[in-house]
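Down below is the structure, laid out as structure tokens.
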């Protein structure tokens, strides 16, 4: 007994020294020496779940013992246990290897320890301050092959009676040290996050990096919650930011592990991913990656609403993510939520500044509608369409033949003929001012100007008159389509979406994250005109109709982006195959998109002379953009490069892949529109003959537009009738064959 006392006192002194130097490993070493002196082959100290420092690898092997320890921690310890870990909940005599209830687990234990377990003694370590279990001392294989006795148990208990306080203090000291390191790490995280508030994508990338480093995870993903579509969206990954919206990941906000966390708002720690019902292993099977464990936690704003979800995959230095990782993730998510919320707010402020800048730029450029022009149009009676031209309502009519000054009256005449002015009780003064403001809202690039918008609007009128659209769409949908045609290219600068992004223009800064940069700007300018005093033609609408009108205009104008058309083309084909269903809301939306695209490309449905001249206008605009790109040091696309473009081949490709399929779909849905498809096909044949002729001659020259003036004296044609046709004239249907020969 005296020897045990001196040994315990010596160990207590050693623990005190270890506490000063925070060397818990030395404490374990001397405990090991003590166990060896007592004739024990191996000894380990397992910290209970109540303490943050556990031998994770070994504690995993003694999972049942851990559960028992957890139960024991609920109250003061009553009596020591001499048992195997699997029999921890009940007092029993020392067991040998043959007495273990789970032989398979015994084999695993032997494998992990590196020796065969024959006997084992487990003694709880009790805190003298709290009477709670703080550790579990396990001794294996008493020398001599004997079983452990009560004396062995008493010796171990007696030792820890003197050392448990120092052990608890050492653990508390290490815990404080780790908390200090955690606080320092989180402060550094806060510094890193709040220095990237100007760019959400960069901020999310920083969040991914910091979360992965803090938790020692292999992979981290961050999803933001899109409440509009009720989806979780990820555009930033471990590899970087994805600029192309087609490569972003969208998942339903109520499905999968991330969806579960987004819905419940609670952290989810999955130790075995493959055994969890919410985990989808198809991605692992296709990529060869193996997901072992997952820690998924919500990111909330200051109102405690979920704005995103972060997902950590595969703990590097452990079998799974621990409770400590959960606490760290919870603290980390607070910084994430604050930084993301402020970043989004900062983005809104910048967008407001950009909009203000654009609005001022537009007002300075266009000025105001003159009172004389407004008064003249207001006092004149609205002409019937037949008074404008007897063939005004025919597909063969060329709207560009109308003088530009007469186009506002033509707009009023078409609205009157479609009965929208009367049915919607539109104020004449508001309508006149709106039409003139829209006309003023267009700049003067070669093609995307007011005459293009007027031609598109006129084609919408032709579709209404000739295809009886009232039997397919609601009045408000047709009205929205016509107004959208008027506004669909407002403030066009003669450059496309890719140029805006490449040049990092104000428009790109404002709209590039949503895609369809120019189309969103056109819609925004339409709204700006509607919000101008005396121009809101929808101000008398009900709240419901007003909101629906704006939603329809947005969707229709965005449909003018050919990238959008290509995305829905298969849906359009399917609708044409099964037949249009007026009761199907999706069919209504698809039909409106198809009609808008048909109107936008309607110049291709006119005679050859118009089509030919339109090509000149389009490529003048394209080549101007190409020149700007070259000045910026960029290489323009072939169609934008005046030195490389071969217009006939480009036109043939455009008609075959874009125009003809569109009007073929229109013909399938509306047999009365067959002449449109036939005329587009005819123009395609004309371009084929021109291409063949120029191939024989070895053209084009360095200026790809030369052949238009060289082969056809267009100015002479335009002046022959004594009327400026805005560059187009179709007095006869197509050129003579001699001209093409």
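Numbering (this note's numbering), first residue to last: -14 to 726. All C-beta atoms, glycine included, are put in the ideal place defined by N, C-alpha and C. Bear in mind that the values here come from a model prediction, so they are computed numbers and not experimental data.
Kindly indicate which three-state DSSP category residue i falls into: helix, strand or coil?
{"i": "residue 435", "result": "helix"}
{"i": "residue 202", "result": "strand"}
{"i": "residue 304", "result": "coil"}
{"i": "residue 299", "result": "strand"}
{"i": "residue 235", "result": "strand"}
{"i": "residue 285", "result": "strand"}
{"i": "residue 192", "result": "helix"}
{"i": "residue 216", "result": "strand"}
{"i": "residue 126", "result": "strand"}
{"i": "residue 651", "result": "helix"}
{"i": "residue 247", "result": "helix"}
{"i": "residue 473", "result": "coil"}
{"i": "residue 478", "result": "coil"}
{"i": "residue 590", "result": "helix"}
{"i": "residue 314", "result": "helix"}
{"i": "residue 457", "result": "coil"}
{"i": "residue 180", "result": "coil"}
{"i": "residue 640", "result": "helix"}
{"i": "residue 135", "result": "helix"}
{"i": "residue 451", "result": "helix"}
{"i": "residue 262", "result": "coil"}
{"i": "residue 490", "result": "coil"}
{"i": "residue 90", "result": "helix"}
{"i": "residue 267", "result": "helix"}
{"i": "residue 761", "result": "In this structure the chain extends from -14 to 726, so residue 761 is not present and cannot be described."}
{"i": "residue 97", "result": "helix"}
{"i": "residue 499", "result": "coil"}
{"i": "residue 67", "result": "Unreliable placement is indicated for residue 67, whose pLDDT of 34 sits below 50; no coordinate value is reported for it."}
{"i": "residue 157", "result": "helix"}
{"i": "residue 627", "result": "coil"}
{"i": "residue 275", "result": "coil"}
{"i": "residue 664", "result": "helix"}
{"i": "residue 242", "result": "helix"}
{"i": "residue 322", "result": "helix"}
{"i": "residue 599", "result": "helix"}
{"i": "residue 141", "result": "helix"}
Between the options, which has its C-alpha nearest residue i's C-alpha?
{"i": "residue 338", "options": "426, 495, 213", "result": "495"}
{"i": "residue 431", "options": "457, 419, 478, 401", "result": "478"}
{"i": "residue 439", "options": "334, 631, 470", "result": "470"}
{"i": "residue 617", "options": "363, 209, 490", "result": "490"}
{"i": "residue 404", "options": "434, 370, 433", "result": "370"}
{"i": "residue 487", "options": "637, 329, 613", "result": "613"}
{"i": "residue 588", "options": "561, 559, 661, 550", "result": "661"}
{"i": "residue 196", "options": "579, 299, 127", "result": "299"}
{"i": "residue 210", "options": "139, 160, 286", "result": "286"}
{"i": "residue 140", "options": "297, 123, 129", "result": "123"}
{"i": "residue 114", "options": "192, 476, 368, 146", "result": "146"}
{"i": "residue 107", "options": "238, 169, 120, 99", "result": "120"}
{"i": "residue 297", "options": "644, 680, 326, 207", "result": "207"}
{"i": "residue 580", "options": "637, 655, 382", "result": "655"}
{"i": "residue 594", "options": "667, 306, 576, 176", "result": "667"}
{"i": "residue 482", "options": "155, 534, 473, 492", "result": "492"}
{"i": "residue 374", "options": "364, 392, 365, 359", "result": "392"}
{"i": "residue 394", "options": "94, 359, 573", "result": "359"}
{"i": "residue 457", "options": "165, 600, 570, 396", "result": "570"}
{"i": "residue 284", "options": "301, 243, 270", "result": "243"}
Where DSSP assigns a beta bridge to residue i, which residues make up the other side?
{"i": "residue 727", "result": "Limits of the chain in this structure are -14 at one end and 726 at the other, which puts residue 727 out of reach."}
{"i": "residue 280", "result": "254, 297"}
{"i": "residue 208", "result": "294"}
Review point. Touch check for the stretch 438 to 458 and the stretch 521 to 539: three-plus C-beta pairs under 8 Å?
Key: no
**Study point:** Continuous beta strand (DSSP E) assignments of at least 3 residues falling wholly in the stretch 353 to 436
**Key:** List check, beta strand (DSSP E) in window: nothing returned.
Check your understanding: Do the stretch 288 to 303 and the stretch 141 to 154 make contact, defined as three or more Cβ pairs closer than 8 Å?
Key -> no
**Study point:** Completely contained alpha helix (DSSP H) runs for the stretch 504 to 577, where each covers 4 or more residues
**Key:** 528 to 543, 547 to 563
**Study point:** Contact between the stretch 309 to 324 and the stretch 260 to 274 (3+ Cβ pairs under 8 Å)
**Key:** No, because fewer than three Cβ pairs between the stretch 309 to 324 and the stretch 260 to 274 fall closer than 8 Å, the two stretches do not touch.
Practice item. Count the CB pairs spanning the stretch 647 to 658 and the stretch 668 to 675 that are closer than 8 Å, and state whether there are at least three. Key: no
Check your understanding: Are at least three pairs of beta-carbons, each pair with one atom in the stretch 459 to 467 and one in the stretch 496 to 511, less than 8 Å apart?
Key -> no
Review point. Can at least three beta-carbon pairs, one atom from the stretch 407 to 419 and one from the stretch 550 to 560, be found at a separation below 8 Å?
Key: no
Review point. Can we say the stretch 536 to 554 touches the stretch 567 to 583, given the rule of at least three CB pairs closer than 8 Å?
Key: yes
Review point. Can you find at least 3 beta carbon pairs, one from the stretch 270 to 285 and one from the stretch 254 to 261, that sit closer than 8 Å?
Key: Touching, per the Cβ criterion.
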